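Just so we're aligned: 36 in numbering that gives the first Met the number 0 is position 37 of the sequence shown, and the numbers increase by one with no gaps anywhere.
The beta-carbon is built from N, C-alpha and C at its ideal position, and this holds for glycine as well.
Fair warning: this is a prediction, and the values are worked out from it, not measured in the lab.
These notes concern the structure reproduced below.
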Amino acid sequence: MHATDIFAKHPTTFSFEFFPPKTEASSEALYGTISELEAYKPHFVSVTYGAGGSTRELTHDLVVKLKGQSSLDPIPHLTCVCHQENDIQEILDRYAEAGVSNILALGGDPPRGLDNYRKEDDAFQHAADLVRFIKKHADSGVHPDKRGFGIGVAGFPEGHPGTPNRIKEMDYLKAKVDEGADYIVTQLFFSNYAFLDFRDRCDLAGINIPIIAGIMPISTKSGMTRMADLSAGTNFPAKLLRALNRASDDEAVERVGIHYATEQCLDLLENDVQGIHFYTLNKSHATREIYANLGLKDTDGLE
Ligand SMILES: Cc1cc2nc3c(=O)[nH]c(=O)nc-3n(C[C@H](O)[C@H](O)[C@H](O)COP(=O)(O)OP(=O)(O)OC[C@H]3O[C@@H](n4cnc5c(N)ncnc54)[C@H](O)[C@@H]3O)c2cc1C
């Protein structure tokens with residue numbers, strides 16, 4: 000379903016993020032997770048996109064499989080990295096022909112291990128340029144929906160490291176919206192104040208599209224360290240760190256992570272959040288526990 004219709008129909012959306020598996024074992028584990036989470040009837044799921052090479056095809060394969068063989072509505076991520084216009088055109092045509100309704104359009108991070116990568120060689124320098132191109136794809140008539148793809152973009156409540164000037168950063172976010180973005184999904188955060196303030200700043204900047212909160216329940220201390228590296232700028236509040244320090248074993252760490260994320264979700268729902276997007280890390284347990292803690296059997300419970 001086109002993003003505009005999803006958000007018009009549901010005052011609060013629940014969605015999950017997966018990454019494409021690289022091995023047979025991780026693929027099997029992911030399909031187990033998917034079949035468990037399908038019962039929770041998310042309004043959409045999204046599939047991340049690699050920095051280059053063969054993993055990119057895995058995104059396409061997973062999205063098309065979910066579209067054809069599950070009840071889930073998959074949204075592929077797409078980045079500007081290492082792409083020329085004709086690549087993007089082909090990718091969009093394939094997704095349109097498969098009936099995929101929406102794309103999450105991203106700048107993308109520089110690929111690790113690709114020493115000769117030069118951002119200036121990419122056809123699109125910023126996500127806003129990719130949004131413009133995807134928006135224009137509607138004119139090709141390839142997409143069965145005459146509006147073309149619904150388009151999501153990324154938002155950074157605690158700022159993106161590439162733009163230290165937080166006022167300019169809002170201008171850049173607004174540019175993505177002006178080019179035709181239909182919704183924003185945020186980077187993960189552990190401080191709801193940061194999200195709510197970001198939402199207010201978007202409002203002041205004239206950004207009036209749904210802003211979906213990215214939530215990642217911490218499951219292991221090593222995972223948290225990795226995440227701190229990948230989501231540079233994200234703050235880990237003392238309250239969370241103290242609770243994790245008290246946790247005596249892995250199970251206690253996971254329980255703290257689920258409890259903390261539940262509290263975040265409860266507070267966001269009290270504050271009329273337009274959507275909660277779970278970074279599942281291809282596992283179902285934490286998401287299922289949080290649903291239970293929120294009193295939700297599935298998303299029908301929201302309506
Ligand atoms: C929800 C979510 C999902 C993600 N999924 C993926 C994924 O699947 N694959 C992946 O590789 N990465 C993913 N990322 C990471 C993301 O690609 C990187 O964080 C990237 O650096 C920023 O992406 P963006 O779309 O905000 O890029 P952009 O909007 O292009 O912004 C990138 C930087 O450039 C600045 N900027 C924007 N416009 C201008 C301009 N005109 N002039 C100067 N500076 C400008 C911005 O302020 C920012 O600092 C995801 C991030 C989020 C929040």
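Check: Pro-236 beta carbon less than 8 Å from that of Phe-6; Outcome: no
Check: Burial state of Arg-198, where buried means 16 or more other Cβ atoms lie within 10 Å; Outcome: buried
Check: Lys-118 classed as buried or exposed, judged by whether at least 16 other C-beta atoms fall within 10 angstroms; Outcome: exposed
Check: Option in Ala-174, Ser-221, Phe-188, Ile-217 with minimal Cα separation from Cys-201; Outcome: Ala-174
Check: Contact test: Ala-50 Cβ vs ligand 1 heavy atom, cutoff 7 Å; Outcome: yes
Check: 7 Å CB neighbourhood of Asn-292 in its chain, flanking five on each side removed; Outcome: Thr-261
Check: 8 Å Cβ cutoff met for Ser-218 and Gln-186; Outcome: no
Check: Uninterrupted beta strand (DSSP E) stretches inside the segment 190-232 (no shorter than 3 residues); Outcome: 210-214
Check: Pairwise C-alpha distance: Gln-68 and Tyr-30; Outcome: 11 Å
Check: Check: Tyr-303 C-beta below 7 Å from any heavy atom of ligand 1; Outcome: Outside the shown range of the chain (0 to 302) lies residue 303, about which nothing can therefore be said.
Check: Pairwise C-alpha distance: Pro-73 and Ser-45; Outcome: 5 Å
Check: 7 Å CB neighbourhood of Tyr-290 in its chain, flanking five on each side removed; Outcome: Tyr-39
Check: Rounded Cβ spacing between Ala-137 and Gly-151 (contact assumed at less than 8 Å); Outcome: That belief does not hold up - the Cβ atoms of Ala-137 and Gly-151 are roughly 16 Å apart, past 8 Å.
Check: Alpha-carbon spacing of Glu-168 relative to His-159, whole angstroms; Outcome: 8 Å
Check: Supposed close pair Gly-213, Val-184 - CB separation, criterion 8 Å; Outcome: 6 Å
Check: Nearest residue (CA-CA) to Val-62, options Gln-83, Ala-95, Glu-253; Outcome: Ala-95
Check: Runs of beta strand (DSSP E) wholly within the segment 102-169 (minimum 3 residues, chain order); Outcome: 149-154
Check: Distance, Ile-166 Cα to Phe-194 Cα; Outcome: 16 Å
Check: Bounding residues of the beta strand (DSSP E) (the contiguous stretch that carries Phe-277); Outcome: 274-278
Check: Heavy atom of ligand 1 within 7 Å of Lys-64 beta-carbon; Outcome: no
Check: Closer than 7 Å: Leu-103 CB and nearest ligand 1 heavy atom; Outcome: yes
Check: With 16 other Cβ atoms within 10 Å as the buried cut-off, status of Ala-24; Outcome: exposed
Check: Continuous beta strand (DSSP E) assignments of at least 3 residues falling wholly in the segment 46-107; Outcome: 73-78, 101-105
Check: Nonlocal neighbours in the same chain, by C-beta distance under 6 Å from Val-255, ignoring five residues either side; Outcome: Ala-242, Leu-243, Ala-246
Check: Which listed residue (Asp-297, Ile-275, Leu-295) has its alpha carbon closest to that of Glu-16; Outcome: Ile-275
Check: Pairwise C-alpha distance: Glu-37 and Asp-249; Outcome: 27 Å
Check: Continuous beta strand (DSSP E) stretch holding Ser-283: start and end; Outcome: Counting along the chain, Ser-283 falls outside any beta strand (DSSP E), and DSSP gives it neither H nor E.
Check: Endpoints, alpha helix (DSSP H) assigned at Leu-29; Outcome: 23-37
Check: Check: Gly-232 C-beta below 7 Å from any heavy atom of ligand 1; Outcome: no
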